[in-house]
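S.K.: Offset between the sequence shown (1-based) and our numbering: plus 3.
Even glycine gets a Cβ: it sits at the ideal position worked out from N, Cα and C.
Everything numeric in this text was worked out from a predicted model, so none of it was measured.
Quick one: the structure is below, and I'll ask about it shortly.
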Amino acid sequence: MRRWGTFDEVDAMTVPEVFGLIRDTAASDEEYEAGSAQYLIRNVYDQAMEFDGNAQVFSEILARCGDIDRAENIRELMALWKELYRSYGAEMPFVPLVRQDYFKAGKYALMIEQSRGMCGSAYEDIADSDDACISMKNYIRDMLMAMGDGKDIADSRASDAVRLALETAHATDFSAGKAANPLRGLRLRQRG
């Protein structure tokens, strides 16, 4: 049995008010100052309302995947990922970072860190675990159904996503990522 408490009271009073503010801001004809909260709310709301999961978006992204395959150097690849991120919010399979150089004190180095997973599941976990794959598939299927896909279509797409994740997992040398960070396995003692 669930009890009603202070947080429930606050939630019951504020959530309808927040939704009302969003609705009023989105419907207003007022020109909001760029960067203001109202401006951002309206832009995000308009993007959500204009989203149409049609074939055009998927074909555009698929065409960009061919460009990724044809990239000849890191500069071309980074330019493509920048475009994909800005246009579609696509995440990169690796992340360029500037960090202190482990081997040269006082210096910095550009490091490329591999992506460790997708949809909340680590590649290393799904590489050898049927349960982790099933969990990942269910998670993706539920997200797709929440976005409007029917159960069969969502299930098929989720299976495809898990197969892609498994291909990535099986092609990933996890020891290389761990070896690239010499401090990762270090156990530090607590003082005190």
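What do you reckon, are the CB atoms on Ile129 and Ala157 nearer than 7 Å?
M.R.: Along the sequence shown, one-based indexing puts residue 129 at 126. Along the sequence shown, one-based indexing puts residue 157 at 154. No; because the gap between Cβ atoms is not below 7 Å, this pair is not in contact.
S.K.: Would you report the Cα separation of Asp14 and Ile44, rounded to the nearest angstrom?
M.R.: As a working mapping, residue 14 is identified with position 11 in the sequence shown. As a working mapping, residue 44 is identified with position 41 in the sequence shown. Approximately 20 Å, taken between the alpha carbons.
S.K.: Let me know if Ser39 comes out buried or exposed under the rule of 16 or more other beta-carbons within 10 Å of its beta-carbon.
M.R.: Position 36 of the sequence shown, counted from the first residue, corresponds to residue 39. Exposed: under 16 other Cβ atoms inside 10 Å.
S.K.: Where does Ile143 land, buried or exposed, given buried means 16+ other C-beta within 10 angstroms?
M.R.: Walking along the sequence shown from the start, residue 143 turns up at place 140. So Ile143 ends up on the buried side.
S.K.: To the nearest angstrom, report how far apart Ala164 and Met148 are at their CA atoms.
M.R.: As a first step, residue 164 must be located in the sequence shown, where it is residue number 161. As a first step, residue 148 must be located in the sequence shown, where it is residue number 145. Whole-angstrom Cα-Cα distance: 14 Å.
S.K.: Could you name the residues that DSSP lists as bridge partners for Ala125?
M.R.: The count along the sequence shown starts at 1 and reaches residue 125 at position 122. In the DSSP output, where bridge partners are listed per residue, Ala125 has Gly120.
S.K.: Can you check which of these residues, Glu75, Met52, Leu87, Gln50, is closest to Leu65 by C-alpha distance?
M.R.: In the sequence shown, the residue the question calls residue 65 occupies position 62. That would be Leu87, whose Cα lies nearest to the Cα of Leu65.
S.K.: State the CB to CB distance for the pair Cys122 and Met139, rounded to an integer number of angstroms; the pair is presumed to be in contact (CB under 8 Å).
M.R.: Mapped onto the sequence shown, residue 122 falls at position 119. Mapped onto the sequence shown, residue 139 falls at position 136. Right, the Cβ-Cβ distance comes to about 6 Å (below 8 Å), so this counts as a contact.
S.K.: Report all residues from its chain with a CB closer than 6 Å to the CB of Leu80; omit the five preceding and five following residues, and keep chain order.
M.R.: As a first step, residue 80 must be located in the sequence shown, where it is residue number 77. The answer, listed in chain order, is Ala74.
S.K.: In the DSSP assignment, the alpha helix (DSSP H) including Asp11 goes from what residue to what residue?
M.R.: Taking the first residue of the sequence shown as 1, we reach residue 11 at position 8. Per DSSP, Asp11 belongs to the alpha helix (DSSP H) from 9-30.
S.K.: Taking all protein chains shown into account, decide if Ser90 is buried (16 or more other Cβ within 10 angstroms of its Cβ) or exposed.
M.R.: By one-based count along the sequence shown, residue 90 stands at place 87. Counting Cβ neighbours within 10 Å, Ser90 comes out exposed, since fewer than 16 surround it.
S.K.: Does DSSP put Tyr42 in a helix, a strand or coil?
M.R.: Along the sequence shown, read from residue 1 onward, the residue named residue 42 stands at position 39. Correct three-state label for Tyr42: helix.
S.K.: Checking the sheet assignment: what are the DSSP bridge partners for Tyr111?
M.R.: Here residue 111 refers to the residue found at position 108 of the sequence shown. Partner(s): Gln103.
S.K.: Whole-angstrom Cβ separation of Asp70 and Leu83, contact assumed at under 8 Å?
M.R.: Taking the sequence shown and counting its residues from 1, the one referred to as residue 70 is at position 67. Taking the sequence shown and counting its residues from 1, the one referred to as residue 83 is at position 80. Rounded, the Cβ-Cβ distance is 5 Å, consistent with contact.
S.K.: For Met114, which of Ser124, Thr17, Val101, Tyr126 has the nearest alpha-carbon?
M.R.: Taking the first residue of the sequence shown as 1, we reach residue 114 at position 111. Met114 has its Cα closest to that of Val101, out of Ser124, Thr17, Val101, Tyr126.
S.K.: Just mark Cys136 as buried or exposed, buried being the case when its beta carbon has 16 or more other beta carbons within 10 Å.
M.R.: Taking the sequence shown and counting its residues from 1, one reaches residue 136 at position 133. It is buried - the Cβ of Cys136 has at least 16 other Cβ atoms within 10 Å.
S.K.: Taking the alpha carbon of Leu24 as the point to measure from, which residue in Gly120, Asp131, Gln41, Glu33 has its own alpha carbon closest?
M.R.: Looking up residue 24 in the sequence shown gives position 21. Leu24 has its Cα closest to that of Gln41, out of Gly120, Asp131, Gln41, Glu33.
S.K.: In three-state terms, what does DSSP make of Ala168?
M.R.: The count along the sequence shown starts at 1 and reaches residue 168 at position 165. Three-state result, Ala168: helix.
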